[in-house]
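Visitor: Note that this note's numbering has the sequence shown beginning at 353, numbered continuously upward.
We treat Cβ as the ideally placed atom computed from N, Cα and C, and that holds for glycine.
Structure below; questions to follow.
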Amino acid sequence: MAKRVLFKEQRVNNDHKNARTTFHGRAMIEERVFREGNSGQEVAERLGVGRGTVYKWLARYRAGGREARYDQSSRPRRSPRRLPVGQAAYIAAMRRMRMS
Numbered sequence: 353m354a355k356r357v358l359f360k361e362q363r364v365n366n367d368h369k370n371a372r373t374t375f376h377g378r379a380m381i382e383e384r385v386f387r388e389g390n391s392g393q394e395v396a397e398r399l400g401v402g403r404g405t406v407y408k409w410l411a412r413y414r415a416g417g418r419e420a421r422y423d424q425s426s427r428p429r430r431s432p433r434r435l436p437v438g439q440a441a442y443i444a445a446m447r448r449m450r451m452s
C-alpha cells in the first residue's frame with residue numbers, strides 16, 4: 353500500500369474523529385488568548401475543552417508559530433526492538449521452510 357502524502361491544505365480537515373480541537377479551533381484558542389486577552393481557563397470553558405488542552409496548544413504555538421496548529425505525528429521516531437533487515441528476512445525464510 354502506497355504511503356499517502358497530505359499537503360498542508362488537506363491536513364487542515366484531517367483531524368481524527370475524536371479530536372476536540374480542530375485546526376480552526378486551535379486558531380480560536382490563539383485569538384482569544386493573545387488578541388482578546390482571555391485567560392486559558394475562560395477559553396477552555398467556552399470551547400468545551402480541558403485547560404491543559406488550551407495550554408498545550410498555546411505552548412506549541414509559541415514554539416512553532418502558525419505551523420504548530422497542524423497535528424503532529426504520533427509515530428515513534430525510532431523502534432528500538434525492530435529487527436535488522438537481514439535478520440528479519442532470515443526468520444521469514446526459516447518460517448516459510450517451517451523450520452521455526
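Does DSSP put valine 406 in a helix, in a strand, or in coil?
Guide: In the structure shown, valine 406 sits in a helix (DSSP, three-state: H, G or I).
Visitor: Look at the alpha carbon of alanine 440 and the alpha carbon of arginine 448, and state the distance between them as a whole number of angstroms.
Guide: 12 Å
Visitor: So, helix, strand or coil for methionine 451, using DSSP?
Guide: coil
Visitor: Reducing DSSP to helix, strand and coil, say where arginine 384 ends up.
Guide: helix
Visitor: Using three-state DSSP, classify valine 401 as helix, strand or coil.
Guide: coil
Visitor: Assign arginine 421 to one of two classes, buried (16 or more other C-beta atoms within 10 Å of its C-beta) or exposed (fewer than that).
Guide: buried
Visitor: Three or more beta-carbon pairs under 8 Å between the stretch 380-392 and the stretch 405-424, yes or no?
Guide: Output reads yes: the stretch 405-424 touches the stretch 380-392.
Visitor: Classify valine 395 as buried or exposed, calling it buried when 16 or more other Cβ atoms lie within 10 Å of its own Cβ.
Guide: buried
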